[in-house]
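Colleague: Attaching a single structure in structure tokens format; questions to follow.
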Amino acid sequence: MNEKELRSMSGFLLFGIGLIMLFGGVIFSIAEGRPNFGILVSIIGFIILIGLTVINPNEAVVTTFFGDYMGTMKQSGLRWVNPFFRRKKMSLRARNLNGQKLKVNDKLGNPIEIAAVVVWRVGDTAKASFEVDDYTKYVEIQSEAAVRHLAGVYAYDTMEAEEVEIPEFTLRDGSGKINEMLEAELTERLSRAGVDVLEARISHLAYAPEIAGAMLQRQQASAVVAARRQIVNGAVGMVDMALAMLSEKGIVNLDEERKAAMVCNLLVVLCGEKSVTPVLNAGTLYP
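Sequential numbering from 1 applies to the sequence shown in the UniProt record's numbering.
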């Protein structure tokens, strides 16, 4: 079922006609002594007034007639439609859904906490009214299901990349791509209810409390290893450059044993956490 537009008349003229007929019929029946005609005129005026509907901006009125969908009115202002139509107002404004924190397992099986914020609005009033029972509840449940599915497909981070094959981006470092995929999945899920997803973003992402401490230590250890690896790579490059310059300029000729000693000393100096104290050799190079 798709939405169709229902044309309606401006209600200001009919509002005046309805009031005149309603009160004019009463006055006529009293003045002329013809109550039957006056009551009939008043009833017609009352029926005309029943057909009046006030529609605010970004609001729609879904109409049905004995179970048949007649159309949706979206023109704002005082409108008039068939008085026998059943009318239901529906907001078209953007709404925020602040999802609750969900405790789920990521692709690697680690328990994590995740939550999302979804900005949505009704795009098709017919589907929202007749395809689902309660479209607001439908949005809440499907949004939770989409977040759970997304958290189970991707890993929290890449710490276990060597043990398990994971995608090139994760929940933690691929926030932009993850948000796009969440929005796409929500759009597909909520299209049945005639709901348009304007924006969807991960608002909370963390390890579950029972493993948060262990994961923090693991992240710190990974950071220390990465820093040490970078320091060693830089130190080896500097040692290689120093030996090449000494050999190129002919400053001193070192045998393999002396080169090994020099490399060892330079690596200690460059890789050490604390500053070293130099020892000056006042004698010959080969004591």
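C-beta atoms are modelled at their ideal positions from N, C-alpha and C, and glycine is treated no differently.
Taking the beta strand (DSSP E) that Thr170 falls in, what are its first and last residues?
Modeller: Counting along the chain, Thr170 falls outside any beta strand (DSSP E), and DSSP gives it neither H nor E.
Colleague: For Gly51, which option in Lys177, Glu188, Met70, Val81 has the closest C-alpha, if you only look at C-alpha atoms?
Modeller: Considering only alpha carbons, the answer is Val81.
Colleague: Which whole-angstrom value describes the C-beta separation of residue 300 and Ser8, a residue pair presumed to lie in contact below a C-beta threshold of 8 Å?
Modeller: For the chain, the structure presents residues 1 to 287; residue 300 sits outside this window and is missing.
Colleague: Does the separation of the CB atoms of Leu14 and Ile48 fall below 8 Å?
Modeller: The answer is yes: Cβ separation under 8 Å.
Colleague: Helix or strand or just coil, what does DSSP make of Ser203?
Modeller: DSSP places Ser203 in strand when its eight states are reduced to three.
Colleague: Excluding sequence positions up to five away, which residues of its chain have a Cβ less than 7 Å from the Cβ of Val153?
Modeller: These residues qualify, in order along the chain: Lys107.
Colleague: Round the Cβ separation of Ile114 and Val104 to the nearest angstrom and send it over; I've been treating them as touching at under 8 Å.
Modeller: The Cβ separation is near 6 Å, so the contact holds.
Colleague: Look at Phe37 and Phe65 and say whether their C-beta atoms are less than 8 Å apart.
Modeller: Contact flag unset, no.
Colleague: Would you say Val118 and Val197 are within 8 Å of each other, going by their C-beta atoms?
Modeller: Going by C-beta atoms, Val118 is nearer than 8 Å to Val197.
Colleague: Assuming Ala208 contacts Tyr138 under a Cβ cut-off of 8 Å, what Cβ separation, rounded to an integer in Å, is found between them?
Modeller: That belief does not hold up - the Cβ atoms of Ala208 and Tyr138 are roughly 28 Å apart, past 8 Å.
Colleague: To which residues of the same chain is Lys4 closer than 6 Å at the C-beta, ignoring the five residues directly before and after it?
Modeller: Excluding residues within five positions, the ones whose Cβ falls inside 6 Å are Gly71.
Colleague: Report the partner residues of Arg229 according to the DSSP bridge assignment.
Modeller: In the DSSP output, where bridge partners are listed per residue, Arg229 has none listed.
Colleague: Asn58 by DSSP, collapsed to three states: which one?
Modeller: Asn58 falls in the coil class under three-state DSSP.
Colleague: Please name the residue in Thr187, Val195, Ile202 whose C-alpha comes closest to that of Gly176.
Modeller: It is Ile202 whose Cα lies nearest to the Cα of Gly176.
Colleague: Indicate the three-state DSSP secondary structure (helix, strand or coil) for Phe23 in the structure shown.
Modeller: Three-state result, Phe23: helix.
Colleague: Can you tell me whether DSSP reads Gly16 as helix, strand or coil?
Modeller: Looking at Gly16 - three-state DSSP - the assignment turns out to be helix.
Colleague: When DSSP builds the beta bridges, which residues end up paired with Asp68?
Modeller: DSSP lists Phe65 as partners of Asp68.
Colleague: Tell me Glu111's beta-bridge partners as DSSP assigns them.
Modeller: The amino acid at residue 111 is misidentified as Glu; the sequence shows Pro. Pro111 is bridged to Asn105.
Colleague: Excluding the five sequence neighbours on either side, which residues of its own chain have a C-beta within less than 6 Å of the C-beta of Asn58, listed in chain order?
Modeller: Once the five neighbours on either side are set aside, the close Cβ partners of Asn58 are Leu92, Arg93.
Colleague: By Cβ distance below 6 Å, which residues in the same chain neighbour Ile20 in space, the five residues on each side in sequence not counted?
Modeller: There are no such residues.
Colleague: Output needed for Phe169: all residues of its chain with C-beta closer than 6 Å, excluding positions within five of it in sequence on either side, in chain order.
Modeller: If we look at Phe169 and ignore the five residues flanking it on each side, its Cβ neighbours are Lys177.
Colleague: Using C-beta distances below 8 Å, list every residue in its chain close to Gln100, excluding the 5 sequence neighbours before and after it, in chain order.
Modeller: Contacts found: Ala115, Glu144.
Colleague: For Ser129, which residues from the same chain have a beta carbon less than 6 Å from its beta carbon, with the 5 sequence-adjacent residues on both sides left out?
Modeller: Contacts found: Val62.
Colleague: I think Gly25 touches Ser42, with their Cβ atoms under 8 Å apart; what is that distance to the nearest whole Å?
Modeller: With 8 Å as the limit, Gly25 and Ser42 qualify as a contact, their Cβ atoms being about 3 Å apart.
Colleague: Return the residue from the list Trp120, Ser29, Lys127, Thr53 that minimises the CA-CA distance to Met1.
Modeller: Closest option to Met1, Cα to Cα, is Lys127.
Colleague: Please list, in chain order, all residues of the same chain as Gly18 whose beta carbon is under 7 Å from its beta carbon, the five residues on each side excluded.
Modeller: Contacts found: Gly45, Ile48, Leu49.
Colleague: Run the CB neighbour count on Glu210, radius 10 Å, all protein chains shown included, and call it buried at 16 or more, exposed below.
Modeller: It is exposed - the Cβ of Glu210 has fewer than 16 other Cβ atoms within 10 Å.
Colleague: From Ser76 to Tyr69, what does the alpha carbon distance come to, in whole angstroms?
Modeller: When rounded, the distance between both Cα atoms is 20 Å.
Colleague: Evaluate residue 375 with the Cβ neighbour count: other Cβ atoms within 10 Å of its Cβ, from every protein chain shown; 16 or more gives buried, anything less gives exposed.
Modeller: Only positions 1 to 287 of the chain appear in this structure, which leaves residue 375 out of reach.
Colleague: For the alpha helix (DSSP H) holding Lys88, just list the boundary residues, first then last.
Modeller: Here Lys88 belongs to no alpha helix (DSSP H); instead the beta strand (DSSP E) covers 86-91.
Colleague: Would you call the CB atoms of Leu190 and Gln142 closer than 8 Å?
Modeller: Cβ atoms of Leu190 and Gln142: closer than 8 Å.
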